[in-house]
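Numbering (this note's numbering), first residue to last: 34 to 616. The C-beta atom is built at its ideal place from N, Cα and C for all residues, glycine as well. Data first, discussion second: the structure below is written as structure tokens.
This is the structure in structure tokens:
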């Protein structure tokens, strides 16, 4: 069988059209350092710009621009939206060409797989970890993956290494000893093959399948890899058995895939410092990734900042959340979240928001305080932090998927005469007992989040600093386009922006403001008990740590993220019910 393409799918394929990403993208990154923020924004911008055209070019079926490793774009897509269908579309792309002797029945049963992809098992493993889709993953892992791996077995040499491909695209040759590599086994091909074996082992273990075969082959290949390519006195790997060249590409891949011992990281980092990004464009993400893994986060960001065209390299969209903040799924579907932050010292604060299949993940970093991690109630978190970094983990209901009202909820609403006041229309219900704000429609919960009512309990009297009970309605919404943390004073947005870590004892009204007016005369409307005159709001706060406990001066506080999320469901005139069981 002749190798016609090293790999068929372009490394920087963008799997989603700009318009679709604008609607579906579910990740947000904010960093104090302007260079790091610029890198993120420039990489992210094409995905939310409906006017860009480059995605269409990459989606073209006949576009084969350069050696296409789809892994980095695939990861970026998983962070943008782990629940969309484009990752599956990617897995269904043709990867191996059948030989000419293949039976027509076989071709008809399944589209032919394009020749020599070392990435498909890796994509399948990562799809499973990020999406948690066991049905599709198990089917592909048992029906397709063994055939893919069997194909590689036919290309092994007597040394136990994978033969080099017959064709090396021009775009992959920068910085490597191509003349020597094309004639014998090479380190790049075998590094990718080792990664494939490791991914297959991890995938089978996650699925409860026997991973012995992949584990044994990975162990044997790693041993042969070190014998064949670890012949440089500087503890670097050479490009091939017949080469003395120690390229950035070969040694960056070795760190990324676990072939370089940690003690030898400094030699590779020195190589990168000396030559920068003297490598193929498709290898740049791995060079940056190697820097992050080696603890050189500042170097990693510096390298990214020198990229000329972020539109053709979506790698920051996975490098920042996965390596800078260190957020990865440690079990399928993010049911266990791994946190291994690598924030350089010059970044004093940052924030990450990711939509998970079953909720959302939030990370807030302040150098003087450490990292605060917020996950759904059902999630587990495994932390591996830098020495001296304080990491606090919190579990919020608002970060879990919404559910339906219970019989107890319905009884409370019935007792408050919901049918008379709002019927099945969308309404807001603030339950003081549980410190929970819910936006409901009929028996469905559209949104729910922890909140904070008054420290002084419930009541409607002016200057009592208590939270009023009963039926209200939304009088006004303020802050449609307000930035996160904007300070409102007397219902007017100011130029002040509050950020986590700012020291203030003042009770600030932040980000979004929903003014409430009482609907029950003599109880929360008119005279000395008028909620609107008392300035009762739903708003964001600078005291987020106390959300979930009675801690306000009468208003309903929410975290700034949550009030932004809730705001989109709320309209003027919408009914608002505030209840407490002991009143």
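Roughly how many angstroms lie between the CA atoms of residue i and residue j, to the nearest whole one?
i	j	result
residue 337	residue 503	55 Å
residue 397	residue 422	13 Å
residue 110	residue 529	35 Å
residue 606	residue 443	22 Å
residue 388	residue 75	21 Å
residue 316	residue 286	8 Å
residue 359	residue 416	9 Å
residue 196	residue 216	9 Å
residue 300	residue 268	7 Å
residue 462	residue 408	23 Å
residue 104	residue 289	13 Å
residue 602	residue 346	35 Å
residue 153	residue 183	13 Å
residue 585	residue 376	33 Å
residue 420	residue 320	25 Å
residue 220	residue 188	15 Å
residue 113	residue 206	31 Å
residue 452	residue 413	40 Å
residue 366	residue 241	16 Å
residue 596	residue 559	27 Å
residue 252	residue 168	29 Å
residue 480	residue 599	7 Å
residue 572	residue 609	14 Å
residue 10	residue 355	Given that the chain is displayed from residue 34 to residue 616, the structure contains no residue 10 and the question cannot be resolved.
residue 557	residue 614	17 Å
residue 370	residue 496	45 Å
residue 143	residue 364	Because residue 143 carries a pLDDT of 36, less than 50, the predicted location of this residue cannot be relied on, and no value is offered for it.
residue 510	residue 324	46 Å
residue 213	residue 274	8 Å
Does residue i pass the burial test, meaning 16 or more other C-beta atoms within 10 Å, or should it be called exposed?
i	result
residue 466	exposed
residue 47	Its pLDDT being 26, under 50, residue 47 is placed unreliably by the model, and the measurement read from it follows with that caveat. Buried is the call here.
residue 575	buried
residue 593	buried
residue 379	exposed
residue 120	buried
residue 590	buried
residue 318	buried
residue 339	exposed
residue 611	buried
residue 162	buried
residue 425	exposed
residue 441	exposed
residue 374	buried
Closest by CA to residue i, which one among the options?
i	options	result
residue 190	223, 168, 203, 171	223
residue 393	378, 400, 368, 416	368
residue 604	547, 558, 592, 314	547
residue 64	400, 425, 526, 268	400
residue 157	327, 285, 237, 378	237
residue 257	579, 463, 75, 192	192
residue 517	107, 184, 545	545
residue 427	208, 410, 438, 78	410
residue 243	125, 171, 353	171
residue 534	67, 382, 159	382
residue 540	505, 578, 551	578
residue 531	524, 483, 525, 519	519
residue 438	112, 429, 477, 599	477
residue 254	355, 230, 274, 234	230
residue 362	118, 611, 165	165
residue 60	70, 77, 424, 332	77
residue 102	507, 228, 373	228
residue 553	491, 454, 354	454
residue 505	66, 449, 514, 513	449
Excluding the 5 residues flanking residue i on each side, which residues of the same chain have their C-beta closer than 7 Å to its C-beta?
i	result
residue 587	487, 498, 499, 500, 567, 569
residue 582	468, 485
residue 185	195, 226
residue 277	271
residue 107	120, 123, 156, 159
residue 69	334, 380
residue 292	224, 227, 255, 258
8 Å is my cut-off, CB to CB: does residue i come that close to chain D?
i	result
residue 462	Considering every chain present, this structure includes no chain D. It has just one protein chain.
Within its chain, find whatever has a CB closer than 8 Å to the CB of residue i; leave out the 5 residues flanking it on each side and keep chain order.
i	result
residue 208	280, 281, 282, 308, 311, 312, 313
residue 537	531, 575
residue 512	519, 521, 526, 544, 545, 546, 600
Counting only the same chain and skipping the five closest in sequence on each side, list residues whose C-beta sits under 6 Å from that of residue i.
i	result
residue 302	327, 329
Kindly confirm or deny that the stretch 559 to 574 and the stretch 472 to 479 touch, where touching means at least three C-beta pairs closer than 8 Å. At 8 Å Cβ cutoff, the stretches do not touch.
Touch test, the stretch 312 to 331 against the stretch 250 to 264, Cβ-Cβ under 8 Å, three pairs minimum: Contact fails: fewer than three Cβ-Cβ distances are below 8 Å.
Inter-stretch contact (C-beta, 8 Å, three-pair minimum) for the stretch 242 to 250 and the stretch 276 to 295: The stretch 242 to 250 makes no contact with the stretch 276 to 295, as fewer than three CB pairs between them are under 8 Å.
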